[in-house]
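Single-structure report; data block below.
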Amino acid sequence: MKLSLLACLVPLVVASAKPGAEIQQRRGANTTTLACNALKQAFSSQVFVLGDANYTTQNEAYWTPTDYLTPECVFTPNATLEVSTAIRIIAGLGATFAVRGGGHMPIPGYANTNGGILIGLTNLNEITLSSDESYVSVGPGQRWEDVYSYLEPYGLVALGGRVGIVGVPGLLLGGGISFYSNQYGFAADNVVAYEVVLAGGQIVTATATQHSDLYWALKGGGNSFGIVTRFDLSTYVSPTVCAGIIEIPSTEKDAFLNAVASFGEYGSADAKAAVIPSIFMLGSLNITVYTSALFYDGTECAQPALANFTVLPAIENSYGNTTTLATYVKGTDALIGDGTRQVFRVVASYANAEALQIVHDTFVEMVTADIWNVTGLQASVAFQPVTKNFIQQGINKGGNPQGVDISEAPYFWMVENFSWTDPADDNRINAFAQQVTDVIEQKLTAAGQVAEYRYMNDAGLGQKIFQGYGDGNVVKLQSIRAKYDPFNVYTDLMPGGWKVANA
Ligand SMILES: Cc1cc2nc3c(=O)[nH]c(=O)nc-3n(C[C@H](O)[C@H](O)[C@H](O)COP(=O)(O)OP(=O)(O)OC[C@H]3O[C@@H](n4cnc5c(N)ncnc54)[C@H](O)[C@@H]3O)c2cc1C
């Protein structure tokens, strides 16, 4: 960083920063070019443009090519202070920008930009265990598998993704469903502090007692409030776990769905158990298979809570031996599609057999009838059981903006995932994903089975997210947002993502 230049530049652009309408007027290609040039002056080796190898690396650091866009330049900060300086420059000039953590949200433009500045957080990859080992400080450039590997020698875990390659920041800002959520709530319920760069460039720490409104908002309010540059995550003792995947033939479909419904209804009985039951439909192979990740936080793998699954005749079964969380998630990386086109859609219901059957039957029938011949098609639904205890944990830890209604728990929070290979099929799949979700929701509603809250991190473009947050929480989020970002920097200049102002 050229400090002498920054010393001149930063006060200049901050002094010239003006609210709302004026920022709008000055915005455009020109302001972005000015901001890219100013960033280049300040951080010459960390700003990349089309033609630079690092530009391509950063622009393609996403799970799916549907997220590769055309930022005018990419900035890769190495420290929180550099994020702060960049925000002063960018907001001062009224340029548009996007922020990427792990790049796993499969919605084009939510963590990237056409024509704006992409701030890629890859290098903010601090990871430090506190001296009393009660929390781990993690930078937003980290991925969950590296957090788990770092903690493994201490016999500790933190709550995060059940897939290791997923990024830390996006998952936490949307809530975060972990293998340990049945015991401890959302991953975000277990964040003890956030370091945040606010819209004016100020760096603050939000905790339960310091900027406590911001702290609450960040536990599920998304990216409308600032750029989080450090998360302090509670650690838990879990040196050994049982984890594996079973694959069940479609002939055992009914028994499988019974096991899922039963876990959905009674999963609170043993909070150490977790499952991710899913249907996988593979068009090119003309097959449908039923799978589930099975997890138990302990050393004894034969557990009554999982018996309805383990008793099924499996085609494959890797559950049964002890391992560590880090080893398990690393081992499953290869199973996660990478490089294909992807879309998510979320559906929520009460956890019972009727709701499950509606979702299963509608999804299977419609996929088979409408998109079975799409090249490279994989269509899946994961039925994520959300127990009463999961929700209770969030309440016990001070509450969160999701405000999920515990009186109606347990739930299934289902994520539909479509993956394909040919960009020519993008419109067809996007339209289908929306249509099948609408039909499923109509049927669930008619049966009195649809649930209000939809999980942000599994949602698709256009789905209503904050509208399902608990009573009064949207208004509260909006007023916290206005307090910390009165000129809408993280809403108007950074338009990508789920925005509380637009709810
Ligand atoms: C294969 C796969 C497995 C998954 N498994 C799980 C799971 O087990 N549990 C679960 O809960 N979810 C899971 N998800 C969903 C996941 O939580 C979301 O996709 C999440 O957004 C990914 O975080 P990221 O940092 O990689 O995302 P990104 O795409 O980088 O970011 C997502 C959003 O967060 C914003 N953002 C990123 N970093 C910051 C920051 N530091 N400050 C402010 N805003 C920021 C971005 O602007 C963007 O809008 C999975 C997703 C995939 C693709």
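Residue numbers (mature numbering (1 follows the signal peptide of the UniProt record, and there is no 0)): -15 to -1, 1 to 488. A virtual CB, placed ideally from N, CA and C, is assigned to each residue, including glycine.
Where residue i falls: helix, strand or coil (DSSP)
i	result
L267	strand
E7	Unreliable positioning characterises E7 in this predicted model, as indicated by a pLDDT of 47, which lies under 50. The coordinate reading is nonetheless provided below. Residue state, collapsed to three classes: helix.
G229	strand
Q288	coil
Y469	helix
W405	strand
M90	coil
P56	coil
F28	coil
T220	coil
I212	strand
Q452	helix
L(-10)	Residue confidence for L(-10) is low, a pLDDT of 38 falling below 50, so the modelled location carries little weight; the figure read from the coordinates is stated next. The answer is helix: DSSP assigns L(-10) an H, G or I state.
G105	strand
A436	coil
A488	coil
E393	helix
G481	coil
T51	helix
Y120	strand
Q387	coil
N458	helix
V176	strand
Alpha helix (DSSP H) segment containing residue i, residue limits
i	result
F375	K373 to N381
G155	V153 to G159
Y133	W129 to L136
L199	S197 to L203
I425	D411 to A431
F348	A338 to D355
Q124	Here residue 124 turns out to be Gly, not Gln, going by the sequence shown. Unbroken run through G124: none, as it is neither H nor E.
S166	S166 to Y169
L242	K238 to Y251
L114	Segment I112 to L114 is the beta strand (DSSP E) holding L114; no alpha helix (DSSP H) there.
E45	First-last for E45: undefined, no H or E at that position.
R73	T65 to L78
Y313	L310 to T317
Residue j beta carbon less than 8 Å from that of residue i
i	j	result
A178	D217	yes
F329	G445	yes
N110	G126	yes
N167	T372	yes
L141	V222	yes
E250	A336	yes
E237	T214	no
residue 522	L24	The chain is shown only over -15 to 488; residue 522 falls outside these bounds and no answer can be derived.
I376	V389	yes
W405	Q369	no
F248	S365	no
R147	F164	yes
D355	V400	no
D174	K382	yes
A436	R466	no
F28	L478	no
V352	A76	no
T17	I102	yes
W201	G384	yes
N108	T41	no
First and last residue of the uninterrupted beta strand (DSSP E) at residue i
i	result
L183	Careful: L183 lies outside any beta strand (DSSP E) and carries neither H nor E.
D443	Note, D443: premise wrong, no beta strand (DSSP E); not H, not E.
V32	V32 to V34
Y335	R326 to Y335
S277	I272 to Y281
V84	F82 to R85
Residue of the options minimising C-alpha distance to residue i
i	options	result
W357	L267, I465, K373 and F451	L267
R326	G124, Q363, T347 and S209	Q363
N293	E401, A240 and E437	A240
E57	A76, N63, F33 and S404	F33
S197	N208, T284 and V176	V176
Y139	Q387, T309 and S392	T309
S116	K315, Y133, S219 and N208	S219
Y275	Q43, V151, Q31 and S235	S235
T65	P480, A488 and V182	V182
G455	L106, S464, R439 and K468	R439
V344	S303, I391 and I425	I425
G211	G186, L270, S263 and A228	G186
L462	G447, K484 and P480	K484
Residue i CB to nearest heavy atom of ligand 3 below 7 Å
i	result
Y133	As for ligand 3, it is missing from this structure, which binds only ligand 1.
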